[in-house]
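Residue 41 in the working numbering is what sits at position 31 of the sequence shown, and the numbering runs on without skipping anything. All C-beta atoms in this analysis are idealised placements derived from N, C-alpha and C, irrespective of residue type, glycine included. Nothing here was measured: the structure is a model prediction, and the numbers come from that model.
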Amino acid sequence: MKDRRLVALLVLAALALPGLAARAPSPPGPLAPSRPRPGSPAAAALLFGEPLDLNMATADDLEALPGIGPKRARRIAAWRARHGPCRSVDELQEISGIGAKTIVRLAPVLTCGR
11 MKDRRLVALL VLAALALPGL AARAPSPPGP LAPSRPRPGS PAAAALLFGE
61 PLDLNMATAD DLEALPGIGP KRARRIAAWR ARHGPCRSVD ELQEISGIGA
111 KTIVRLAPVL TCGR
């Protein structure tokens, strides 16, 4: 008798589960890419996969770049204050301590204006 009840219960469960699965809510899809909030630091763009605008970034923002510490960030900001906005990322080679290897590393994450 117990075997019949168990079989009946399994049959009912097998019949009911596909219907329940069809009504179950689907899992949420991937989040849409978003952008930094207005007023957030320029370096926040890096977190969203966007390049950092070299002409808008502060020395603190520049420190978020790979291979750029406080000293190089201050040099970039000082160079930009003397020479005006950058037209190309390659212009950074004019700054002491920044060479071709650094430019290759920074080129994907920097832009000179939007």
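- Using a Cβ distance threshold of 8 Å, Ala67 and Ala53 count as a contacting pair.
- Pro51: not part of any alpha helix (DSSP H); DSSP gives it neither H nor E.
- For Thr68, the three-state secondary structure derived from DSSP is coil.
- With contacts defined as CB atoms closer than 8 Å, Leu56 and Ala83 fail to qualify as a contacting pair.
- Within the same chain, Ile78, Ala83 and Ile86 come within 6 Å of Leu72 by CB-CB distance, once the 5 residues on both sides are set aside.
- Looking at Ala117, Gly109, Arg14 and Leu64, the one whose alpha-carbon comes closest to that of Gly94 is Leu64.
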